[in-house]
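**Q** I'd like to ask you about the structure that follows.
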Amino acid sequence: MVTTLWAGLSIGAVYALVAIAYNIVFIGTRVFNFAQAYILMVGTFIAVEAASRFDLPLGVAIVVCAVAGALIGAVEEFIAVRPLARKGSHNELVTTLGIGVILSGIALVLWGSEPRAMPYLKEFGVLDVLGGRVTVGELSLIVVAIVVGVGMWLLSTRTSIGLTALATSEDRDAAMLRGVNVRGLATGAFALAGALVGAVAPLVATKTYATYHLGEGLAVKAFLVLALGGFGSMLGSLLAAGIVGILEMFAARYLGSDWQNITVFVLLLIVLVVLPHGLFSRGKAQERVV
Amino acid sequence: MRMSLRRYLTAPLWIIPLALGAVVLALPYLGTAPAVLRIIVSICLLALLVVGLNVTFGYSGELALGQAAFYAVGAYLAGYLAIQGFDLSITVLVALVAAAVVGLLTGIPGLRLGSWSMAMVTFFLVLLVPDVVTLLTEHTGGPSGLTGIPLPVLFGARLSTTGYYTLVVAVTIVFFVVIRNFIVSPHGQALRVMHTSPVLARSLGFSVTRLKLTAYLIGAAPAGVAGALFAYQDGYISPTSFGLSMAIVILAATIIGGSASIYGAVVGAAIMVIGPLRATGLQQYSLIIFGLILLVGALFFSGGIAGLARKLVRRYLVRDEVLPDAQAAVPSDDLISRLRGETLEVKGLVKRFGGNTALNDVSVTFAEGTVTGLIGPNGSGKTTLLNVVSGFYRPDEGTIRLGGDDLTTLQPHRIARRGVARTFQTPIIPQGLSVVETIAIAMQSAHGVTLASSILRLPGFARTRRRHRAQALELLALLDIAHLADVEASSLPLGTRRLVEVARALAADAKLVLLDEPASGLDEGEVAELAALIRKLRASGATIVLVEHNFEMVMSVSDHVYVLDTGRIVSEGDPDHVRSDPRVTEVYLGTALGAREEER
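From first to last, the protein sequence lines are chains A and B.
For our numbering, count along the first sequence from 1 and bump the result up by 224.
For our numbering, count along the second sequence from 1 and bump the result up by 1158.
Structure (structure tokens):
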């Protein structure tokens, strides 16, 4: 029972981290980055390589993955998003999905289709916390997600760069006229989001292993977390991620693993119908219609 | 050699694809090798999936990745029922209905939040296929696949390989005819309008949610049927045929062929089937290739092959000319009588945005058959008032009545259908529609053709279309631009596009026409023409509201003028009264001084 709770919270932490990355890109550019979870997937492979082939300590692996994630994010913004700015509404979805598929394809070619286990943090084994079994990797994921979520919330609501990003997402033209470097902000948001999912990839891999199709499931579940928590709300994402993770793990335990995704999907449909603005929407800004 | 525009518009060009279809249908009797026929079947099945996606993605603008899931639903249901001994007519029908049901279940929630949620819900739907198949292993064969699907039996007769081929090609042709008829009808044009601007679609009286859901369901139907047909191809299906990679293949074919096209779907499907899907040596790299197609295609070739072909035909093969009916068009008495307006009364209107009160106790009357000017400095609430009247903002207090009917709480498309029409500060003209089509679309929501009549081309369809064209031409004649009737509307210069918008606003039997800064961007001559046009419309009895910065123009055409400042009416009366009102001078000079100070 408590073990399932820990499992739910820790997988929820992974969703929360991807959702927070979605939010960073969304606040900075109003774009939904389909490839976000795929960047995390690439990070898990780099982490496995760092550990098994190069014997790097965990701290170094985290830095390497963060740099790689930031690079992929920035390059993605440059080739798949920037050319479309101001052009059309839905093509970003296609181009960022294209990037995601390319990343999957590269991972498949480089590392094959077998899941790869993560050597880090193996030495700690499994702990008994509050009557449930949980690994150190899982516990750290939960802590990291909370720290990052609260940190990003402070960043986006208390610092000038965060407020600038918020303002830009509300009205790009007005921000540009006020001297905001809108392009720099966009690249920065993609790079920051990439760095975030890259940095947590070594921890995530201890839980999910590294496989080339890791991105897909994470992408849709992190989207549900985003919808449930309210678009743009960092703290909402944290809470929603806990709910989704726990629901998923309990469904897997009591209904069977084939029900895991179906249950989450039903929750998504319900959320979209009943709570279309999520639990913690920042209050829908009135957009000028014409 | 160029064809005349008249030919291009009236000739039965649809015969060409239909004839091609007939040739393909006859191939088995011309001694074509079975291996080729098999490839054609695969192309047909993929083309059915792709053309459905083109309706949802290319025309209605919602990226729906669920085609692969509808395909799976159709295939598994048909496979299961065929094993139980059901006739093909039943299995195909069940597949069609099931696709529609899954479409409704996912479409209603998916369309709530706009583009991302549709893409994600349908993406998720595809991911669920293996789970559902495994859950129902007893009926589906689970991960190892469903075997033993018998050869198709249609109305009691067992179909040969040739019969199956003929069936698949025939079904494909039928779906293409139906979808083509849908897309070139006003229903399809409404999708283009919505794709360009949902706001415009609503202000022309269309419910955006309904349009999107209709498009999504029409897109799902061929996918379900294609699945049912696929089940019989090898007598064996497994979940690997319906996974995410299938969804990506469908999207890639759409992008290559051109998402906003019908026949492009066949081209895209053929390229995918003959190219990447057969090159087994590339299997390992297929994800990279598909991803590149999505990226590069969406970046650089947004029209795909079909878009390119269309441009070339129009530019090099068609000669522009003014058609005889456009030359002969004159405004009739019937048109003039339909321009007659009604009175709109706004009482005690309050609209707040957070702490900012944009409209504060505004009461105005736009009297029947008059021109009312609405002026005021930037940010005084003019456009907010227009948006509240047309239903895009819900007022916090107050009432809005048109000719006695309460509009206060109606949705924008309901208000539009009641007779409130508008133009926009920046004209919104969908691409790919002629001037006549741009105007006729405004008549669709109130007096349009039904979906069934459009798809089946019942006699009423042609009749309505002729009537709409005649009425649009009359309006254009009234505005003196009938010679532009068959030119692409979005390519016209700004002044003319404004006139097209005015014609579109009038076309829907408007009882009240809201003109939002119609003179901005026009030169002096054009402003004078616009003023003359407004007087002409008033003479016909139309009720017109003019929101304008051009002070002199407003004064010269208005019967009554309201001056707004910071959300309040500060002055009203006839133009002479307002012109001499010291408060008006103060509002304008005051803000002018303020603005100058801010600049320093």
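C-beta atoms are modelled at their ideal positions from N, C-alpha and C, and glycine is treated no differently.
Using the Cα positions of residue 340/A and residue 380/A, report the straight-line distance between them to the nearest angstrom.
**A** Each residue's alpha carbon lies about 36 Å from the other.
**Q** Applying the criterion that 16 or more other CB atoms from any shown protein chain within 10 Å of the CB defines a buried residue, is residue 1318/B buried or exposed?
**A** Classification for residue 1318/B: exposed.
**Q** In this structure, what does DSSP give as the bridge partners for residue 1674/B?
**A** Answer is 1705/B, bridged to residue 1674/B.
**Q** Since residue 1661/B contacts residue 1363/B with CB under 8 Å, what's their CB separation in whole angstroms?
**A** So it is not a contact: roughly 16 Å between Cβ atoms.
**Q** Using three-state DSSP, classify residue 1687/B as helix, strand or coil.
**A** Of the three classes helix, strand and coil, the one that applies to residue 1687/B here is helix, per DSSP.
**Q** Please state whether DSSP places residue 1510/B in a helix, a strand or coil.
**A** Residue 1510/B: strand per DSSP, three-state reduction.
**Q** Could you give the C-beta distance for residue 1544/B and residue 1524/B, rounded to a whole number, given that I count them as a contact under 8 Å?
**A** Wrong, their Cβ atoms sit about 11 Å apart, outside the cutoff.
**Q** So, are the CB atoms of residue 1228/B and residue 1405/B less than 8 Å apart?
**A** No, they are not a contact pair.
**Q** Who are residue 1141/B's beta bridge partners in DSSP?
**A** The structure shown does not extend to residue 1141/B, since chain B is modelled only from 1159 to 1758, so the question has no answer here.
**Q** Find the nearest neighbour of residue 1669/B within the set 1368/B, 1392/B, 1559/B, judged by alpha-carbon distance.
**A** For residue 1669/B, the nearest C-alpha among the options comes from 1559/B.
**Q** So, helix, strand or coil for residue 1526/B, using DSSP?
**A** DSSP places residue 1526/B in coil when its eight states are reduced to three.
**Q** If you check the beta carbons only, do residue 414/A and residue 297/A fall under 8 Å apart?
**A** Yes, the pair counts as a contact, with Cβ atoms nearer than the cut-off.
**Q** What's the C-alpha gap between residue 509/A and residue 1509/B?
**A** Note that residue 509/A scores a pLDDT of 44, beneath 50, so its modelled location is shaky; the value from the coordinates is reported in the next line. Their backbone Cα atoms lie some 15 Å apart in a straight line.
**Q** Quick check on residue 1580/B: does DSSP put it in helix, strand or coil?
**A** Strand.
**Q** Following the continuous alpha helix (DSSP H) through residue 270/A, name the residue where it begins and the one where it ends.
**A** From DSSP, the alpha helix (DSSP H) with residue 270/A extends over 260 to 276.
**Q** For residue 1291/B, I'd like the list of residues in its chain whose CB is within less than 6 Å of its CB, leaving aside the five on either flank, ordered along the chain.
**A** Cβ neighbours of residue 1291/B beyond the five flanking positions: 1298, 1397.
**Q** Nearest-angstrom Cα distance between residue 453/A and residue 233/A?
**A** Each residue's Cα considered, the two are about 15 Å apart.
**Q** Alpha carbon to alpha carbon, how far is residue 369/A from residue 403/A?
**A** Straight-line Cα distance between these residues: approximately 33 Å.
**Q** Output yes if chain B places a C-beta closer than 8 Å to the C-beta of residue 482/A; else output no.
**A** With 8 Å as the cut-off, residue 482/A counts as an interface residue toward chain B.
**Q** Smallest Cα separation from residue 276/A: which of 382/A, 461/A, 426/A?
**A** Among 382/A, 461/A, 426/A, the Cα nearest to that of residue 276/A belongs to 426/A.
**Q** Return the chain-ordered list of same chain residues with a C-beta closer than 8 Å to the C-beta of residue 1637/B, the five sequence neighbours on each side being excluded.
**A** So the qualifying residues of the chain are 1657, 1660, 1661, 1691.
**Q** Helix, strand or coil: how does DSSP classify residue 290/A here?
**A** Three-state result, residue 290/A: helix.
**Q** Measure the Cβ-Cβ separation of residue 421/A and residue 260/A and say whether it is below 8 Å.
**A** Yes, the Cβ-Cβ distance between residue 421/A and residue 260/A is below 8 Å.
**Q** In its own chain, which residues sit with a C-beta less than 8 Å from the C-beta of residue 280/A, not counting the 5 before and 5 after it?
**A** Only 274, 288 meet the Cβ criterion.
**Q** What residues in its chain sit with their C-beta under 6 Å from that of residue 357/A, if we drop five residues either side in the sequence?
**A** Closer than 6 Å at Cβ, skipping near neighbours: 227, 350.
**Q** Comparing C-alpha positions only, which one of 1579/B, 1553/B, 1623/B, 1185/B sits nearest to residue 1320/B?
**A** Ranking the options by Cα distance to residue 1320/B, first place goes to 1185/B.
**Q** Is the region 1639 to 1649 of chain B in contact with the region 1587 to 1597 of chain B, if contact means three or more CB pairs nearer than 8 Å?
**A** Taking 8 Å as the limit for Cβ pairs, the verdict is that the region 1587 to 1597 of chain B does touch the region 1639 to 1649 of chain B.
**Q** Can you tell me whether residue 507/A is buried or exposed, with buried defined as 16 or more other CB within 10 angstroms of its CB?
**A** Bear in mind that a pLDDT of 47 at residue 507/A, under 50, signals an unreliable position, so the model cannot answer this.
**Q** List, in chain order, every chain A residue whose beta-carbon is nearer than 7 Å to that of residue 1365/B.
**A** Ordered by position in chain A, no residue passes the 7 Å Cβ test against residue 1365/B, which lies about 16 Å from the chain.
**Q** Near residue 235/A, which residues of its chain fall below 6 Å by C-beta distance, leaving aside the five closest residues on each side in sequence?
**A** Around residue 235/A: 469.
**Q** For residue 1631/B and residue 1483/B, which I take to be in contact (beta-carbon distance under 8 Å), what is that distance rounded to the nearest angstrom?
**A** Going by Cβ atoms, the distance from residue 1631/B to residue 1483/B rounds to 6 Å, so yes, they are a contact pair.
**Q** If you follow the alpha helix (DSSP H) that residue 1329/B is in, where does it begin and where does it stop?
**A** Looking at the DSSP string, the run of the alpha helix (DSSP H) that includes residue 1329/B is 1319 to 1341.
**Q** At least one CB of chain B closer than 8 Å to the CB of residue 421/A: is that the case?
**A** Chain B contact via Cβ: absent.
**Q** Is the Cβ of residue 241/A closer than 8 Å to any Cβ of chain B?
**A** Answer no: the Cβ-Cβ gap between residue 241/A and chain B never drops below 8 Å.
**Q** Check whether the Cβ atoms of residue 1361/B and residue 1570/B lie closer than 8 Å to each other.
**A** Their beta carbons are under 8 Å apart, which means residue 1361/B touches residue 1570/B by this criterion.
**Q** So, is the C-beta of residue 313/A closer than 8 Å to a C-beta in chain B?
**A** Here the model assigns residue 313/A a pLDDT of 49, short of 50, so the residue's position is not dependable, and the following value carries that caveat. With 8 Å as the cut-off, residue 313/A counts as an interface residue toward chain B.
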